[in-house]
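S.K.:
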Amino acid sequence: MKKNLSFQFLWIGQSLANLGDALFMLSIISFIYKVTHSVTFTALFTVLQVGGQSISGVLAPLVMDRYRLSLILMTSQVGQTILLMILTIFLIPISSATFFMPLVLLVVFSISFLDGWTNPSRNALVPRLVQPNQLIQANSLLATSDQVVRLLGWSLGGVLIAYIGEEKLLWIIIGMMTVSTASLFLLKEPKGAMDSRDKSKSKLDHMKEGWVALWRDPILRSVSLMEMFEICGRSIWAGAIVLVFVKDVLQKGEAWWGFINASYFAGTIIGGLVIWFVAKWVYQHIYHSMFLGSTGVCIFTLWFAFNTNPWIALLLTVFMGPAYQLRGIAQKTLFQNRISSHLLPKAFSAQNTIINVTFGLSILIMGFISDVWGVKTVYFVTASLFALSALLAVILKKKYGGPFDVFKEST
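Following this line, the structure appears as structure tokens:
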């Protein structure tokens with residue numbers, strides 16, 4: 001992969017874009033709250049973000065049938081950069097009046113809509129740029145980079161907003177997005193992937209293809225169900241739930257809320273690096289990796305729920321990171337290898353829509369559970385979901401056998 005310039009350009013471009021996304025989220029949330037002084041209005045940012053990405057995921061197959069993935073990524077980045085410039089130049093200066101805030105939220109929705117093309121396109125593009133035996137390392141590198149930039153974004157975002165303000169930070173983000181877009185222009189996608197599409201199908205058939213592929217293939221159906229369980233479980237790291245746990249169970253203040261979040265990111269970064277070095281084993285033991293990762297998260301989450309020592313809580317959060325990454329990278333690699341090249345972007349779009357909707361609903365459900373039965377119950381429910389995921393991995397292993405015979409079945 002060191003000599004694979006196209007993959008390196010993809011990696012650099014997406015890392016910069018993800019850092020820009022993290023900083024954008026913080027700066028816009030801060031700006032909206034500063035202007036409106038309304039938590040409800042501020043929460044609309046997340047609602048519009050999830051809504052935009054979900055709608056985009058449903059419509060993405062129509063775009064993916066007509067254009068190359070590299071062009072879709074570039075178009076998405078260019079569009080987001082232009083919308084950011086409109087937001088920064090025209091809307092931010094006049095939005096001190098709440099009257100103009102709906103225009104800001106409309107731009108946020110539009111940016112989220114374009115961003116909804118990014119993850120499916122990136123994940124489907126990776127197998128086209130690297131050899132099959134390099135997929136684990138490629139996925140672990142991207143997963144690790146994602147966590148590094150999120151940690152940087154959440155760590156530096158608040159400081160930058162305090163010192164330079166939201167408007168100047170948005171200009172820095174525009175610079176990042178511009179460099180990210182330039183790197184994607186240098187990416188060379190192999191030809192031939194689009195030639196296999198069926199031009200006789202209707203638009204509705206093209207939109208359904210990814211969903212049908214997930215439903216008809218028993219392995220993909222099970223993996224998608226596992227993703228739903230695990231996305232529900234990962235909602236425990238939503239800010240409000242962690243904050244309640246820190247205050248009510250660990251008996252600590254907001255500073256420890258930040259420490260817990262930082263240790264989670266640190267754990268996922270360490271996990272991604274570890275999997276890079278054991279990539280061959282993971283590739284040869286896909287089901288074992290899914291089982292061990294889900295089981296590890298289940299055990300550490302249960303321990304976390306029963307624990308009241310803040311230092312042990314930090315350590316357990318770090319330990320969860322490698323387990324999360326092992327499970328996630330193994331499942332993504334199985335997904336990438338299981339589906340034919342022309343269907344993969346659509347299948348990832350369908351999965352991304354499922355993830356966005358599930359995550360949004362799970363935050364509400366977990367918040368309700370925390371309010372009614374206490375925050376510890378949320379962690380017990382999460383551990384149960386990961387136990388179910390581990391059980392599904394065992395069933396898949398017993399039913400479908402070894403690692404390599406599960407690849408390239410869906411067409």
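FYI, in UniProt numbering the residues of the sequence shown are 1 to 411.
Ideal placement from N, C-alpha and C gives every residue a C-beta, glycine not left out.
#1: Should Ala-279 go down as buried or exposed, given a rule of 16 or more other Cβ atoms within 10 Å for buried?
#2: Along the alpha helix (DSSP H) that carries Arg-216, what are the first and last residues, could you check?
#3: Are the beta-carbon atoms belonging to Val-282 and Ile-136 less than 8 Å from one another?
#4: Examine the Cβ distances between the stretch 381–389 and the stretch 296–305 and report whether three or more of them are shorter than 8 Å.
#5: Would you say Val-126 reaches chain C, if we count a Cβ-Cβ gap shorter than 8 Å as a contact?
#6: Whose C-beta lies closer than 7 Å to the C-beta of Leu-292 among residues of the same chain, with five residues either side of it excluded?
#7: Are the stretch 165–181 and the stretch 69–83 in contact at 8 Å, needing three or more beta carbon pairs?
#8: What residues in its chain sit with their C-beta under 6 Å from that of Phe-31, if we drop five residues either side in the sequence?
#9: Here's a check: name, in chain order, each residue in its chain whose Cβ is nearer than 7 Å to the Cβ of Phe-9, leaving out the five neighbours to either side.
#10: Residues in the same chain with beta-carbon distance under 6 Å from Phe-319, minus the five sequence neighbours each way, listed in chain order, please.
#11: Looking at C-alpha atoms only, which residue of Ser-202, Glu-227, Ala-162, Ala-124 is the closest neighbour of Pro-190?
#12: Could you check which residue in Leu-103, Ile-231, Thr-317, Tyr-67 has the C-alpha nearest to that of Val-357?
#13: What residue does the alpha helix (DSSP H) around Pro-310 start on, and which one ends it?
#14: In terms of residues, what are the limits of the alpha helix (DSSP H) holding Pro-120?
#15: Between Phe-359 and Gly-271, what straight-line distance do the alpha-carbon atoms span, to the nearest angstrom?
#16: Starting from Arg-150, trace the alpha helix (DSSP H) both ways and give me its first and last residue.
#17: Who are the near neighbours of Trp-256 in its chain, counting only those whose CB is closer than 8 Å to its CB and skipping five residues on each side?
#18: Between the Cα of Ala-266 and the Cα atoms of Asn-18, Gln-131, Trp-154, Gln-49, which residue gives the shortest distance?
#19: Check Leu-106 in the structure and name its three-state DSSP category.
#20: Let me know the alpha helix (DSSP H) ranges lying completely inside the stretch 252–317, each 4 residues or longer, listed in chain order.
M.R.: So, from the listed chains and residues:
#1: By one-based count along the sequence shown, residue 279 stands at place 279. So Ala-279 counts as buried.
#2: As a first step, residue 216 is located in the sequence shown; it is residue number 216 there, counting from the start. That run of the alpha helix (DSSP H) goes 203–216.
#3: Working through the sequence shown from its first residue, we reach residue 282 at position 282. Working through the sequence shown from its first residue, we reach residue 136 at position 136. Taking 8 Å as the Cβ cut-off, Val-282 and Ile-136 qualify as a contacting pair.
#4: yes
#5: Among the protein chains of the structure shown there is no chain C, as only one such chain exists.
#6: On the sequence shown, position 292 is the one that residue 292 refers to. Answer for Leu-292: Leu-326, listed in chain order.
#7: yes
#8: Numbered from its first residue, the sequence shown carries residue 31 at position 31. Excluding sequence neighbours, Phe-31 sits near Glu-166.
#9: For the purposes of this step, residue 9 is taken as the residue at position 9 of the sequence shown. If we look at Phe-9 and ignore the five residues flanking it on each side, its Cβ neighbours are Ser-183, Leu-184, Leu-186, Leu-187.
#10: Position 319 of the sequence shown, counted from the first residue, corresponds to residue 319. So the list reads Phe-300, once near-sequence residues are dropped.
#11: In the sequence shown, residue 190 corresponds to position 190, counting from 1. Closest option to Pro-190, Cα to Cα, is Ala-124.
#12: In the sequence shown, residue 357 corresponds to position 357, counting from 1. When each option's Cα is compared against that of Val-357, the closest is Ile-231.
#13: Residue 310 sits at position 310 when you count from the first residue of the sequence shown. Here the alpha helix (DSSP H) through Pro-310 covers 310–338.
#14: On the sequence shown, position 120 is the one that residue 120 refers to. First-last of the alpha helix (DSSP H) with Pro-120: 118–129.
#15: Walking along the sequence shown from the start, residue 359 turns up at place 359. Walking along the sequence shown from the start, residue 271 turns up at place 271. Phe-359 and Gly-271: Cα-Cα distance of roughly 22 Å.
#16: Counting from one through the sequence shown, the residue named residue 150 turns up at place 150. 135–185 is the extent of the alpha helix (DSSP H) around Arg-150.
#17: For the purposes of this step, residue 256 is taken as residue 256 along the sequence shown, with counting starting at 1. Excluding sequence neighbours, Trp-256 sits near Val-246, Leu-250, Pro-310.
#18: Against the sequence shown, residue 266 aligns to sequence position 266. Among Asn-18, Gln-131, Trp-154, Gln-49, the Cα nearest to that of Ala-266 belongs to Trp-154.
#19: As a working mapping, residue 106 is identified with position 106 in the sequence shown. Three-state result, Leu-106: helix.
#20: 254–277, 279–284, 286–306
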